[in-house]
Amino acid sequence: MLRTLSRSVIIMFMFDIVVFSLISFLNCQIFNIGGVAQLVAVGLTTLIGIVVLYLKANYKIREFNINRKNIYLLLEGVVMAHIPAAIILFFLLTAKQNILFVITNIVIIFVILELYRLLFHLYLFRFKPKKNILIVGSDKRAKLIADEIMNKKALMMKVAGFIQDPQNDEEMILDTKIPIYGNLDDLSKIIKESNINIVIVAIQRRMEENILTRLKTDIPRRVKVYKLQDFYELVTGKYYIDRTSINELFYTYMNRRSLGYDFCKRIFDIVAALIILLITCPILIYIGIRVKCTDGGAAIYTQNRVGQDGKIFKAYKLRTMYLNDYVPTSENLSNADKQDSDDRVIPFCKFVRKARFDEIPQMINILKGEMSIVGPRTEWDDLVKVYSEQIPYHNCRHWVKTGWTGWAQINQGHLFSSDAEAEKLQYDLYYLKHRNILWEIFILVKAVFLALGGRHG
């Protein structure tokens, strides 16, 4: 997502491929592993390793940092990369060869990758020069993008200043230490003296011909120019929402409708739903029996959910709470984030909820065509009523089929507060704008990956 903003991610990605393949090959030579076994040891370990590290967000430069969590995730990823190869090598090698290869490979690869990340961290925060950004505009929109840039320190970007919109000084930023220049007359001088690398145009209204000409003339070729909304998407992975952007999204959505996409997505939904049901069926039966034995209530229940175009349907769920008559309101939503820890949850079902096993029966809704595997999360109709009153443009997320998982869930998690829902709407509309089958397959794979670790939203 940030390819145009940082080459460091590509370099790290290529380095990891070389390390996985080279170290695996050298260890094969040391432990006399050849033929098919060597192909499995090198090829499968490298492929799975890169995929796992990607799914664990190792290549998100905006979130890069060295801390205990990321060190653990790297180690976990390297270990998981060797599991498929170790299983196959069990039938091709002696037990001693297999164990020595796997343990040695894990240790050496982890140490090299972590050392590289430590050096990269040192370079990133100590030696890499910052990119200077000039924002054309000085209202709350300009302040918002400036805050996003400054909050993501790993991007190594600095807001060098704002240029006041000559026709809109009513909402000018007052609470900032960043320089605010009076107008566009000194644009060329500001770019030169501040060594500007990126210009972000944050003027919402339609700009006059003289302003466009000034920008075209005074911004040199070496400087990249972004519209605020596009840069916001690059930095956050979310859609910037206001009246203008929603109108743009409408035209983008209407012009990208495709029977080919709809057909491929339906096939993807059916195949994925059947596979998930087949694999998890024994687990669901076990959970259902335990729930039934807990208080005698039904293990499966239905709940009114809002689907595409606002249509209500009955979604299937595996019950994980004691029988209750809870109804969400705007007053109790502030405490809804604590649902997994309240006394309504059946104790052994806490992990079931974290791993989202309780929502796997929704595969039935997907097979019926009421939902999709990937899309904006399907919500309880009572919740939608509350959110629609509090959050502008909330119903736009229902332009497409709602999903079992989605872009918001793998980035944000599943939260119930109105503030969290407003942010989730940004993720949902980003998905709506950029959706394609390959990306949706990635979202599903990552969702399953997170669910197995109890970290899926």
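Note that this note's numbering has the sequence shown beginning at 734, numbered continuously upward. Backbone N, C-alpha and C fix where the C-beta goes; we use that ideal spot for every residue, glycine too.
(message) Buried or exposed, going by whether 16 or more other CB atoms sit within 10 Å of the CB of ALA1031?
(response) In the sequence shown, the residue the question calls residue 1031 occupies position 298. Exposed: under 16 other Cβ atoms inside 10 Å.
(message) Would VAL934 and VAL968 qualify as a contact pair, given that the criterion is a beta-carbon distance under 8 Å?
(response) Position 201 of the sequence shown, counted from the first residue, corresponds to residue 934. Position 235 of the sequence shown, counted from the first residue, corresponds to residue 968. Not a contact, by the Cβ cut-off of 8 Å.
(request) Can you give me the Cβ contacts of MET734 inside the same chain, cut-off strictly under 7 Å, excluding the 5 residues immediately before and after it? (result) By 1-based counting over the sequence shown, the position of residue 734 is 1. With a pLDDT of 41 at MET734, under the threshold of 50, the predicted position of this residue should be treated as unreliable, and no value is reported.
(message) Would LEU788 and LYS1179 qualify as a contact pair, given that the criterion is a beta-carbon distance under 8 Å?
(response) On the sequence shown, position 55 is the one that residue 788 refers to. On the sequence shown, position 446 is the one that residue 1179 refers to. It is a contact, given that the beta carbons lie within the stated cut-off.
(request) Express the C-alpha separation of CYS761 and LYS1071 in angstroms, rounding to a whole number. (result) Position 338 of the sequence shown holds residue 1071. Position 28 of the sequence shown holds residue 761. Residue placement at LYS1071 is poorly supported in this model, since its pLDDT is 49, which falls under 50; the coordinates still yield a value, given next. Whole-angstrom Cα-Cα distance: 50 Å.
(message) Quick check: ARG1110 and GLY1146, are their CB atoms within less than 8 Å of each other?
(response) The residue you call residue 1110 lines up with position 377 of the sequence shown. The residue you call residue 1146 lines up with position 413 of the sequence shown. Contact annotation: ARG1110 and GLY1146 have beta-carbon atoms that are not nearer than 8 Å.
(request) Spatial neighbours of VAL812 within its chain, please: CB distance less than 7 Å, with the 5 preceding and 5 following residues excluded, ordered by chain position. (result) What you label residue 812 is simply residue 79 of the sequence shown in a count that begins at 1. So the list reads ILE839, once near-sequence residues are dropped.
(message) Just to confirm, is the Cβ distance from MET883 to LYS863 under 8 Å?
(response) Locating residue 883 in the sequence shown gives position 150, counting from the first residue. Locating residue 863 in the sequence shown gives position 130, counting from the first residue. No, the pair does not count as a contact, with Cβ atoms beyond the cut-off.
(message) Measuring alpha carbon to alpha carbon, tell me which residue in LYS1083, GLU941, GLU1103 and PRO817 is nearest ASN1037.
(response) Taking the first residue of the sequence shown as position 1, residue 1037 is located at position 304. Between ASN1037 and the set LYS1083, GLU941, GLU1103 and PRO817, the nearest pair of CA atoms involves GLU1103.
(message) Can you give me the C-alpha to C-alpha distance between ILE1009 and PHE1090, rounded to a whole angstrom?
(response) By one-based count along the sequence shown, residue 1009 stands at place 276. By one-based count along the sequence shown, residue 1090 stands at place 357. Rounded to whole angstroms, ILE1009 to PHE1090 spans 10 Å at the Cα level.
(request) Decide if the segment 1152-1163 is in contact with the segment 1119-1131; the criterion is three or more beta carbon pairs, one per stretch, under 8 Å apart. (result) yes
(message) According to DSSP, simplified to helix, strand and coil, what is LEU867?
(response) Taking the first residue of the sequence shown as 1, we reach residue 867 at position 134. Note: LEU867 maps to strand in three-state DSSP.
(message) What does the Cβ neighbour count give for SER991, buried or exposed, with the cut at 16 atoms within 10 Å?
(response) The count along the sequence shown starts at 1 and reaches residue 991 at position 258. The residue is exposed, with fewer than 16 neighbouring Cβ atoms inside 10 Å.
(message) Using DSSP's beta-bridge definition, name the partner residues of VAL1078.
(response) Counting from one through the sequence shown, the residue named residue 1078 turns up at place 345. VAL1078 is bridged to MET1054.
(request) Kindly indicate the opening and closing residues of the beta strand (DSSP E) around PHE895. (result) Position 162 of the sequence shown, counted from the first residue, corresponds to residue 895. Per DSSP, PHE895 belongs to the beta strand (DSSP E) from 890-896.
(request) Tell me whether VAL1024 is buried or exposed, calling it buried when 16 or more other Cβ atoms sit within 10 Å of its Cβ. (result) Taking the first residue of the sequence shown as 1, we reach residue 1024 at position 291. Around the beta-carbon of VAL1024, 16 or more other beta-carbon atoms lie within 10 Å, marking it buried.
(request) Determine the direct distance from the alpha carbon of ALA887 to that of ARG1174, and round the result to whole angstroms. (result) Start at 1 with the first residue of the sequence shown, and residue 1174 comes out as number 441. Start at 1 with the first residue of the sequence shown, and residue 887 comes out as number 154. According to the sequence displayed, residue 1174 carries Ile and not Arg. Whole-angstrom Cα-Cα distance: 28 Å.
(message) Under DSSP, the alpha helix (DSSP H) around ILE1093 begins and ends at which residues?
(response) To locate residue 1093, count along the sequence shown from 1; it is residue 360. Unbroken run through ILE1093: none, as it is neither H nor E.
(message) In this structure, how does DSSP classify ALA1191 when only helix, strand and coil are distinguished?
(response) Residue 1191 lies beyond the range of the chain shown here (734 to 1190); nothing can be said about it.
(message) I'd like to confirm the pairing. Which residues does DSSP put opposite GLY1136 in its beta bridges?
(response) Along the sequence shown, one-based indexing puts residue 1136 at 403. For GLY1136, which the question treats as bridged, DSSP gives the partners SER1105 and ARG1110.
(request) Would you kindly check if the distance between the Cβ of TYR1164 and the Cβ of TRP1140 is under 8 Å? (result) What you label residue 1140 is simply residue 407 of the sequence shown in a count that begins at 1. What you label residue 1164 is simply residue 431 of the sequence shown in a count that begins at 1. Annotated as proximal: TRP1140 and TYR1164, with beta-carbon spacing under 8 Å.
(request) State yes or no: is the C-beta of LEU833 within less than 8 Å of the C-beta of PHE764? (result) For the purposes of this step, residue 833 is identified with residue 100 of the sequence shown, where counting begins at 1. For the purposes of this step, residue 764 is identified with residue 31 of the sequence shown, where counting begins at 1. Closer than 8 Å, so yes.
(request) For ARG736, count neighbouring Cβ atoms within 10 angstroms of its own Cβ and tell me buried if that reaches 16, exposed if not. (result) As a working mapping, residue 736 is identified with position 3 in the sequence shown. Residue placement at ARG736 cannot be trusted, given a pLDDT of 44 that sits under 50; the coordinates are not used to answer.
(request) May I have the straight-line CA-CA distance separating MET1096 from ILE750, to the nearest angstrom? (result) Position 363 of the sequence shown, counted from the first residue, corresponds to residue 1096. Position 17 of the sequence shown, counted from the first residue, corresponds to residue 750. Cα-Cα distance, rounded: 36 Å.
(request) List the residues that DSSP assigns as beta-bridge partners of LYS957. (result) The sequence position of residue 957 within the sequence shown is 224, counting from 1. When DSSP reads this structure, LYS957 sits in a beta bridge with ILE931.
(message) Could you tell me the alpha carbon to alpha carbon distance between LEU855 and LEU1162, rounded to whole angstroms?
(response) Residue numbering aside, residue 855 sits at position 122 when the sequence shown is read from its first letter. Residue numbering aside, residue 1162 sits at position 429 when the sequence shown is read from its first letter. Cα-Cα distance, rounded: 36 Å.
(message) With H, G and I counted as helix, E and B as strand and the rest as coil, what does DSSP make of ILE799?
(response) For the purposes of this step, residue 799 is taken as the residue at position 66 of the sequence shown. DSSP places ILE799 in coil when its eight states are reduced to three.
(request) Pick out whichever of MET1054, MET940, THR946 and ILE1106 has its Cα sitting closest to the Cα of ILE1003. (result) Numbered from its first residue, the sequence shown carries residue 1003 at position 270. That would be ILE1106, whose Cα lies nearest to the Cα of ILE1003.
(message) Can you confirm whether the segment 1074-1083 touches the segment 1109-1123 when touching is taken to mean that 3 or more C-beta pairs between the two stretches lie within less than 8 Å?
(response) Counting Cβ pairs under 8 Å, fewer than three are found: no touch.
(request) Tell me, please, which residues DSSP counts as bridged to ALA1048. (result) To locate residue 1048, count along the sequence shown from 1; it is residue 315. Looking at the DSSP assignment, ALA1048 forms a beta bridge with GLN1036.
(request) Please name the residue, chosen from GLY894, TYR849 and VAL844, that lies closest to ASN865 on a Cα-to-Cα basis. (result) Counting from one through the sequence shown, the residue named residue 865 turns up at place 132. The candidate whose alpha carbon is nearest that of ASN865 is GLY894.
(message) I'd like the span of the alpha helix (DSSP H) that includes TYR791, first residue to last.
(response) Along the sequence shown, one-based indexing puts residue 791 at 58. Strictly speaking, residue 791 in this sequence is Asn, with Tyr absent from that position. Here ASN791 belongs to no alpha helix (DSSP H), and DSSP marks it neither H nor E.
(request) Using beta-carbon positions only, say whether ILE1143 and LEU1183 come within less than 8 Å of one another. (result) Mapped onto the sequence shown, residue 1143 falls at position 410. Mapped onto the sequence shown, residue 1183 falls at position 450. A contact, by the Cβ cut-off of 8 Å.
(message) Looking only at its chain, what residues have a beta carbon closer than 8 Å to the beta carbon of LEU807, apart from the 5 residues adjacent to it on each side?
(response) Taking the sequence shown and counting its residues from 1, the one referred to as residue 807 is at position 74. Only LEU786, LYS789, ASN791, PHE843, LEU846, GLU847 and ARG850 meet the Cβ criterion.
(message) Can you give me the C-alpha to C-alpha distance between ALA770 and ALA1006, rounded to a whole angstrom?
(response) Here residue 770 corresponds to residue number 37 of the sequence shown, with the count starting at 1. Here residue 1006 corresponds to residue number 273 of the sequence shown, with the count starting at 1. Roughly 34 Å between the two C-alpha positions.
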